[in-house]
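To keep things clear, I will list the structure first and then write my remarks on it.
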Amino acid sequence: MAEVKIAGIRKSFGDVAVLHGIDAAIADGEFMVLLGPSGCGKSTLLRIVAGLETQSAGDVSIGGRVVNDVEPKDRNIAMVFQNYALYPHLSVYDNMAYGLRVRGTPKPEIERRVQEAARILELAPLLARKPRQLSGGQRQRVAMGRAIVRDPQVFLFDEPLSNLDAKLRVQMRIEIRRLHQSIRTTSIYVTHDQVEAMTLADRLIVMNAGHAEQVGAPLEVYERPASVFVAGFIGAPAMNLLRARVAGGRAMAGAAALPLPLAAGLDEGREVTWGVRPEHVELAPGAAEADVEVVVDLVEALGADTLVHARLADGGALTLRLPGTTRVREGDRLPLRLPPAALHAFDAASGRRI
Ligand SMILES: Nc1ncnc2c1ncn2[C@@H]1O[C@H](COP(=O)(O)OP(=O)(O)OP(=O)(O)O)[C@@H](O)[C@H]1O
Ligand SMILES: [Mg+2]
Numbered sequence: 009m010a011e012v013k014i015a016g017i018r019k020s021f022g023d024v025a026v027l028h029g030i031d032a033a034i035a036d037g038e039f040m041v042l043l044g045p046s047g048c049g050k051s052t053l054l055r056i057v058a059g060l061e062t063q064s065a066g067d068v069s070i071g072g073r074v075v076n077d078v079e080p081k082d083r084n085i086a087m088v089f090q091n092y093a094l095y096p097h098l099s100v101y102d103n104m105a106y107g108l109r110v111r112g113t114p115k116p117e118i119e120r121r122v123q124e125a126a127r128i129l130e131l132a133p134l135l136a137r138k139p140r141q142l143s144g145g146q147r148q149r150v151a152m153g154r155a156i157v158r159d160p161q162v163f164l165f166d167e168p169l170s171n172l173d174a175k176l177r178v179q180m181r182i183e184i185r186r187l188h189q190s191i192r193t194t195s196i197y198v199t200h201d202q203v204e205a206m207t208l209a210d211r212l213i214v215m216n217a218g219h220a221e222q223v224g225a226p227l228e229v230y231e232r233p234a235s236v237f238v239a240g241f242i243g244a245p246a247m248n249l250l251r252a253r254v255a256g257g258r259a260m261a262g263a264a265a266l267p268l269p270l271a272a273g274l275d276e277g278r279e280v281t282w283g284v285r286p287e288h289v290e291l292a293p294g295a296a297e298a299d300v301e302v303v304v305d306l307v308e309a310l311g312a313d314t315l316v317h318a319r320l321a322d323g324g325a326l327t328l329r330l331p332g333t334t335r336v337r338e339g340d341r342l343p344l345r346l347p348p349a350a351l352h353a354f355d356a357a358s359g360r361r362i
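In terms of my numbering, the sequence shown opens at residue 9 and continues consecutively.
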């Protein structure tokens with residue numbers, strides 16, 4: 009059993025508060041991703057779980073035991089960082105074996121564990137090489153191998169792929185997912201890359217300025233963002249968000265009368281932030297079927313999709329993602345359908361979902 013519980017975690021550096029009370033329960037075997045912009049406190053939270061940083065308040069428990077006063081080396085965790093910090097003078101084998109030797113693990117057991125990790129990570133042919141004779145992705149695999157051989161209760165990852173080029177990141181992302189499917193060790197993974205987060209996570213914690221804005225499965229967070237911040241952060245291109253006032257059963261964004269989402273509490277006069285994802289806007293067959301008309305500003309033909317940046321009646325901007333086969337030109341007038349089930353509304357003042 010290695011459930012990780014984070015309860016009321018606060019952290020201040022001097023008089024600067026960076027974590028404002030974070031609660032989360034990561035189930036045994038779960039892959040939890042901490043996602044948020046730079047500086048929001050992801051690494052600090054992970055380092056507190058690891059014991060490399062001491063919280064100002066709150067408890068961390070691993071496997072049912074409060075570990076606040078337990079040294080990092082006794083927490084039975086293994087951490088993989090962005091800079092893999094391999095020993096340059098040691099072979100791949102010795103890099104993986106090093107931690108076990110220091111702990112006095114018997115030689116045959118070291119051999120067994122290193123070979124097993126090498127098999128899982130497809131490093132067997134590279135065991136005799138030095139780190140400088142490896143590619144970036146191979147080095148990152150060795151860093152993971154070093155964590156696996158420890159057979160920890162929990163893996164902690166802090167942006168392990170950010171030193172790799174785009175293609176290798178995609179490949180390693182799949183390998184990490186596969187690795188987790190085979191060994192099922194409870195994992196906490198920090199990233200600011202939302203695609204990485206969406207593809208790896210069983211659940212994710214979206215963090216903003218030291219707060220946990222939302223905890224949920226990736227699609228849950230995509231479909232029902234709990235706040236304007238999450239709505240704007242998850243999804244690329246970002247959700248269209250417009251300030252509006254509820255009037256006559258419509259969301260009035262300047263001169264544009266937009267349909268309302270299917271949500272309770274949208275009373276006359278309420279100030280809201282209205283939202284729709286670019287991929288949920290549809291082209292209407294004609295003006296008669298349209299909810300709203302836009303004028304095309306700019307077209308980005310990406311192949312599979314075409315991104316259209318358009319303007320509403322009074323100048324409010326709307327981005328649409330249309331199939332790549334759509335032929336649209338700058339200056340075109342487009343009739344659009346905005347299906348109520350795909351619309352979002354947030355309280356204008358608090359930013360919380362309505
Ligand atoms: N030792 C420290 N002393 C003072 N402030 C710190 C210290 N470590 C981190 N901070 C501050 O705490 C905040 C959170 O930092 P943290 O490293 O946790 O962010 P992060 O979410 O991991 O960001 P990134 O994506 O850039 O790695 C930042 O504003 C940072 O400047
Ligand atoms: Mg960080």
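Note that the Cβ used here is the ideal one computed from N, Cα and C, for glycine as well.
Look at residue 198: its beta carbon is less than 7 Å from one of the heavy atoms in ligand 2. In the structure shown, residue 103 falls within a helical segment according to DSSP collapsed to helix, strand and coil.
Where residue 202 is concerned, the enclosing alpha helix (DSSP H) starts and stops at 202-208. Residues whose Cβ lies closer than 5 Å to any heavy atom of ligand 1, listed in chain order: 21, 26, 46, 47, 48, 49, 50, 51, 52, 200.
Taking non-hydrogen atoms of ligand 2 into account, the C-beta of residue 204 is found less than 7 Å away from none of them. Each residue's CA atom was taken as its position, placing residue 314 and residue 59 some 47 Å apart.
Three or more Cβ pairs drawn from the region 289-300 and the region 332-344 lie within less than 8 Å of each other, which places the two stretches in contact.
For residue 17, the three-state secondary structure derived from DSSP is strand. For the 8 Å CB-CB criterion, residue 239 and residue 245 do not form a contact. Pairing residue 200 with residue 28 gives a Cβ-Cβ distance that is not under 8 Å.
From the listed residues 42, 350, 203, the smallest Cα separation to residue 30 is found for 42.
At a threshold of 7 Å, residue 166 counts as near ligand 2, since its beta carbon sits closer than that to one of the ligand's heavy atoms. By the criterion of a C-beta distance shorter than 8 Å, residue 160 is surrounded in its chain by 84, 85, 86, 193, once the five residues flanking it on both sides are discounted. With the rule of 3 Cβ pairs closer than 8 Å, the region 206-222 counts as touching the region 32-49. The Cβ atoms of residue 359 and residue 304 do not sit closer than 8 Å to each other. Its Cα nearest to that of residue 81, the residue 158 stands out among 158, 222, 95. The distance from the Cβ of residue 151 to that of residue 92 is about 4 Å, consistent with a contact at the 8 Å cut-off.
For residue 226, the uninterrupted alpha helix (DSSP H) run begins and ends at 226-231, by DSSP. In the DSSP assignment, residue 279 falls outside any alpha helix (DSSP H) and lies within the beta strand (DSSP E) extending over 279-284. Rounded to whole angstroms, residue 73 and residue 331 show a C-alpha spacing of 52 Å. Taking 8 Å as the cut-off, the beta carbon of residue 261 is found closer than this to the beta carbon of residue 252. Spatial neighbours of residue 126 in its own chain (CB-CB distance under 7 Å, excluding positions within 5 residues in sequence) are listed in chain order as 132, 135, 153. Excluding its 5 nearest sequence neighbours in each direction, residue 66 has C-beta neighbours in its own chain below 8 Å: 14, 15, 16, 17, 18, 29, 30, listed in chain order.
Between the C-alpha atoms of residue 248 and residue 356 there is a straight-line separation of about 15 Å. For residue 116, the uninterrupted alpha helix (DSSP H) segment begins and ends at 115-128. Taking the C-beta atoms as reference points, residue 224 is found no nearer than 8 Å to residue 176. Of 287, 64, 32, the smallest CA-CA separation from residue 23 is found for 64. Taking each of 174, 353, 62, 170 in turn and checking the Cα distance to residue 273, the smallest one comes out for 353.
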